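Chemist: I have a structure I would like to understand better, so I am pasting it below and will then ask my questions one at a time.
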Amino acid sequence: FKCNYIGTFDGQGYVITGLTNPADYEGDAALFYSVISGGTVQNVGLEGGSLTSKQYRCAGVAAIVDGGTVRNCYNTGSISGDSYTGGVVGDNRGGTVENCYNTGNVKCIYSDFVGGVIGSNDGSVKNCYNTGSVTSSEDYVGGVSGDNCGNVECCYYDKTVCGDISAVGLKGDTAN
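For my numbering, count along the sequence shown from 1 and bump the result up by 61.
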């Protein structure tokens, strides 16, 4: 079910434990499909669990942030996607992701754009970090963001990143 979220979801610090979908799932996989302009998801954690998508975006909190905001969220579960795969957000299209982190393992199964916090960033990422491993056999792999055409500031990663090494150094992993 694909729904563009425009309201304010405040998890009030609650934790969702064991969020899991079928390993052969072929749609976008995340707690929220899309957080659009005017929408905010905040103050929620995902612990454990395993989200997988064999065809589309996959992330812990939001598959897509399209002008919306994700703040004060985290993921500790494993994430495995086809492309646009991130520990917290899969594809940030002009939105804001701030004060978020990932400690789970993130793996891109078939394609590219995989990052510890965000798979692909064309927005703003602030005060985020990743300590989980990030793995892909393709291009655009990064500890924080697999691809970065936006702004990344005060972010870091501290774990092994495996993939196209030239992309790792060029794609959003340097803090401003």
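Glycine residues also receive a C-beta, built at the ideal position from the N, C-alpha and C atoms. Note that the structure is a prediction, hence the values are computed from the model and not measured.
Do you know how far the Cα of Asn212 is from the Cα of Asn65?
Modeler: If you take the alpha carbons of Asn65 and Asn212, they lie about 24 Å apart.
Chemist: Nearest to Asn133 by CA position, among Asn188, Cys169, Gly100, Ser172, is which residue?
Modeler: Of Asn188, Cys169, Gly100, Ser172, the residue nearest in Cα terms is Asn188.
Chemist: Among Gly99, Gly121, Ser95, which residue has its Cα nearest to the Cα of Gly79?
Modeler: For the residues Gly99, Gly121, Ser95, the minimum Cα distance to Gly79 belongs to Gly121.
Chemist: Closer than 6 Å by C-beta to Cys210: which residues in its own chain qualify, once you throw out the five before and the five after it? Chain order, please.
Modeler: Answer for Cys210: Asp183, listed in chain order.
Chemist: Arg132 bridges to which residues according to DSSP?
Modeler: According to DSSP, Arg132 bridges with Gln103, Glu159.
Chemist: Drop a sphere of 10 angstroms on the beta-carbon of Thr146, count the other beta-carbons inside from all chains shown, and report buried for 16 or more, exposed for fewer.
Modeler: Looking at its Cβ environment, which holds 16 or more other Cβ atoms inside 10 Å, Thr146 is buried.
Chemist: Give the straight-line distance between the Cα atoms of Ser144 and Arg118, rounded to the nearest whole angstrom.
Modeler: Going by the C-alpha atoms only, they are around 6 Å apart.
Chemist: Are the beta-carbon atoms of Glu148 and Asn136 separated by less than 9 Å?
Modeler: Contrary to the premise, residue 148 reads as Gly rather than Glu in this sequence. Contact flag set, yes.
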